[in-house]
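Presented below is the structure to which this report refers.
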Amino acid sequence: MLFISVTECSKGSIGGGGFADIYKGIFNEQRVALKRLRVFMMTEESRRPEMMKAFYHECLLWRNLSHKHILPILGIDNQLFNGSLCMVMPWMEHGNIRTVIDVMRNQGSKSPADLQLQVYHWMAEIVSGLAYLHEEGIAHGDVNILIDDSYHVHLADFGLAVFADGASNNYGSMRGGALRWLSPELIDPEELGLESSRPTYASDIYSFACLYTSQSPFFGMPDGTVLVRVLAGKRPKRPTFHGGVEMTDALWDILNRCWAQSASDRPLASEIVTLIDALDEY
801 MLFISVTECS KGSIGGGGFA DIYKGIFNEQ RVALKRLRVF MMTEESRRPE MMKAFYHECL
861 LWRNLSHKHI LPILGIDNQL FNGSLCMVMP WMEHGNIRTV IDVMRNQGSK SPADLQLQVY
921 HWMAEIVSGL AYLHEEGIAH GDVNILIDDS YHVHLADFGL AVFADGASNN YGSMRGGALR
981 WLSPELIDPE ELGLESSRPT YASDIYSFAC LYTSQSPFFG MPDGTVLVRV LAGKRPKRPT
1041 FHGGVEMTDA LWDILNRCWA QSASDRPLAS EIVTLIDALD EY
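Everything in the sequence shown is counted per the working numbering, starting at 801 for the first residue and increasing by one.
Below you can see the structure in the form of structure tokens.
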């Protein structure tokens, strides 16, 4: 059953992204995350039925997926927020992967070498989830990686950024800071001979490579400067972890293949799974 009723909800949002607000709730005596899409509040009344139909379609696709590194959707609550809908998903205690890495680095809870190994394992889990999505015909189209109680990865929000941006017919208009993870062909498809700026498997691979940077890609630069540099073929510097531990040559080579300027030169997610599994550092 797609529609469910949440029994408790936090009074205010506890976070959010480019196109949604996050609330904390209770469903079947379990903590859940409630993702309320702003797009329904920003859309003309006449367009809402069509958008809701598209939203239900995306959620049904998500419900049919099953993979240990894909966050499941429990259902949709259409009563909790007047005039809007929210997705109900398992609560991920540690939140976004970048927040977790920052906490580990700042608290010194892991040695530089151990943190590097942890990140390598997370990236293996991420690309495993991506490979599954691509096999199912789904391009992720967003960079939302969550960490559960056991410190394992769960991919979330695939397809929803594209759905939300459909309200403005401009992919990227609601993505905020995620602009830094966009591949060249999504920044300027016409310049690269493409007709659409919709996410593809190859653009997912580019974004995956950017997740390895110790901070957000091109940290400290204005967004406009970042986009110009990416279109010119520039990429972030070789990542280092706290304590001066540098990324290995083997992994650095994989990253450079993943963020190749031409989408056709990037490896498939399934190929990256094999390459990462073969690395000595595991």
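We put the beta carbon where it would ideally sit given N, CA and C, even for glycine.
Annotated as proximal: R980 and P1017, with beta-carbon spacing under 7 Å. DSSP places T1040 in the strand class (E or B) of the three-state scheme.
Proximity of the region 804-811 to the region 861-881 meets the contact definition, three or more beta-carbon pairs being nearer than 8 Å. Taking the C-beta atoms as reference points, L955 is found nearer than 7 Å to I870. When the alpha-carbon of G941 is set against those of S983, Q907, Q918, the nearest one is in S983. Rounded to the nearest whole angstrom, the CA to CA distance from L917 to D1049 is 15 Å. Annotation for R1035: no beta strand (DSSP E) segment contains it, and DSSP assigns it neither H nor E. Residue environment for G875: buried (at least 16 other C-beta atoms within 10 angstroms of its C-beta). In the structure shown, the three-state DSSP call for P890 is strand. By the CB criterion at 7 Å, K811 and C886 fall outside the cutoff. A direct Cα-to-Cα measurement between I873 and G1020 gives close to 35 Å. If you draw a straight line from the Cα of M923 to the Cα of E985, it comes to about 23 Å. Check the Cα spacing between I1005 and each of W862, I1054, L860: the tightest is with I1054. Distance from the CA of I897 to the CA of H952, rounded to the nearest whole angstrom, comes to 10 Å. According to the DSSP assignment, R847 belongs to no alpha helix (DSSP H), since it is labelled neither H nor E. A straight-line Cα-Cα distance of about 15 Å links G1033 and S1003. At a Cβ-Cβ threshold of 7 Å, R848 and W891 do not count as neighbours. Residue environment: V903 is assigned as exposed (fewer than 16 neighbouring CB atoms within 10 Å of its CB, all protein chains considered). When the five nearest sequence neighbours on each side are left out, the beta carbons in the same chain lying within less than 7 Å of the beta carbon of C859 are those of L802, I873, I876, M887, in order along the chain. When only Cα atoms are considered, R1038 and N828 end up about 46 Å apart. Boundaries cannot be given for G941, as no beta strand (DSSP E) includes it and DSSP labels it neither H nor E.
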